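Below is one structure; the comments refer to it alone.
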Amino acid sequence: MCRLFGLSSAPRRTRAIFWLLDAPDSLSKQSLRYPDGTGLGFFDADGTPKVHKAPIAAYEDRCFAEEAKQVESTTFLAHVRFASTGGLDDRNTHPFLQDGRLFAHNGVIEGLDELDAELGEYRGLVKGETDSERFFALITRETRAHGGDVAAGIEGAARWIARNLPVYALNLVLTTSEELWALRYPDTHELHVLQRAPGGRHGIRHLDQSGTDGCMRIRSRDLADVPSSVVASERMDDHPGWRPMEPGELLHIGPGLSPTRRVVLPDEPAHRLSLAGLRPEAAASQQAV
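Next up, the structure:
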């Protein structure tokens, strides 16, 4: 399934090295889980958002490992995509950019014609074919309607979808240059949070985290001296501070890394999808590899 990763050291800028699609195992194993796109979002010193992304297709006879990217930012957002809706194309690859914010999503939303109708003129923000970018456009609409309150925008958009559309999962990470938000809904997929002190568990270590499936690895020597907050689809090291988010929980991490969290969606989706009820390609994208 898709992998989400968000990191904030705001207001401090840190340098991190990201290995996306780093799979040292055999080609035969790789062929079973070729991702359909990788993306990395971050912010320049003046707050300008930047996105590096590329579609990686299963039919391509190429090395599975993606070249390491070294960037500096206050916040980072990385995503490895397993396609459920939309073709293998840059415009369908996460993260997406709207109103200076970056967004990535793990899950499936159906009923896209109804969602398009609800978006109205905001459908013009959607450049690709994915349910994820449509979800982001609804968040953008709701955020504008709430005077720029991103938390209210996320809650309003997710609540409308949960009440009106078939939903498998709405897990997301959204970042600006100084803030990070994450939502887990419902309990379909996990999402974990780590408040990391400078130097980590022992106070002397740089950040070095890796997903269990080999799709993502992150290293930052700067975080030996700087506190950080991490949100990820899985626990990425043995630090005891990892905490699973609750179903329906919305997390906000602002400058200074003081987190706030609350359950904003306590109820089940009105039209909850099961894995067996998904389209075959969507079901394949949501299963652990």
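Mapped onto this note's numbering, the consecutive letters of the sequence shown carry residue numbers -12 to 276. The beta carbon of each residue, even a glycine, is placed where N, CA and C say it ideally should be. All figures in this text were calculated on a predicted structure; none of them were measured in a lab.
For residue 257, does the count of other Cβ atoms within 10 angstroms reach 16, so buried, or fall short, so exposed?
In the sequence shown, the residue the question calls residue 257 occupies position 270. Exposed, by the Cβ-count rule.
What would DSSP say about residue 222, mapped onto helix, strand or coil?
Position 235 of the sequence shown, counted from the first residue, corresponds to residue 222. Coil.
For residue 37, count the other beta carbons within 10 Å of its own beta carbon; 16 or more makes it buried, fewer makes it exposed. Which is it?
Working through the sequence shown from its first residue, we reach residue 37 at position 50. Looking at its Cβ environment, which holds fewer than 16 other Cβ atoms inside 10 Å, residue 37 is exposed.
Kindly give me the distance between the Cβ atoms of residue 207 and residue 1, rounded to whole angstroms, as I take these residues to be in contact under 8 Å.
Residue 207 sits at position 220 when you count from the first residue of the sequence shown. Residue 1 sits at position 14 when you count from the first residue of the sequence shown. Yes, residue 207 and residue 1 are in contact; Cβ-Cβ is about 6 Å, under 8 Å.
Relative to the alpha-carbon of residue 148, which residue among 4, 188, 104, 216 has its alpha-carbon at the smallest distance?
Locating residue 148 in the sequence shown gives position 161, where the first residue counts as 1. With distances taken between Cα atoms, residue 148 lies closest to 104.
Quick check on this structure: which residue in 250, 232, 179 has the alpha carbon closest to the alpha carbon of residue 224?
As a first step, residue 224 is located in the sequence shown; it is residue number 237 there, counting from the start. Selected option, being the one with the closest Cα: 179.
Can you tell me whether DSSP reads residue -5 as helix, strand or coil?
What you label residue -5 is simply residue 8 of the sequence shown in a count that begins at 1. Residue -5 falls in the strand class under three-state DSSP.
Taking only three categories from DSSP, how would you classify residue 118?
One-based indexing of the sequence shown puts residue 118 at position 131. Three-state result, residue 118: helix.
Just checking, does the region 89 to 96 make contact with the region 152 to 168 on the three C-beta pairs under 8 Å criterion?
Yes: at least three Cβ pairs fall under 8 Å.
According to DSSP, is residue 100 helix, strand or coil?
Counting from 1 along the sequence shown, the entry for residue 100 is found at position 113. Three-state result, residue 100: helix.
Distance check for residue 226 and residue 125, CA to CA, integer angstroms please.
What you label residue 125 is simply residue 138 of the sequence shown in a count that begins at 1. What you label residue 226 is simply residue 239 of the sequence shown in a count that begins at 1. Roughly 36 Å separates the two Cα atoms.
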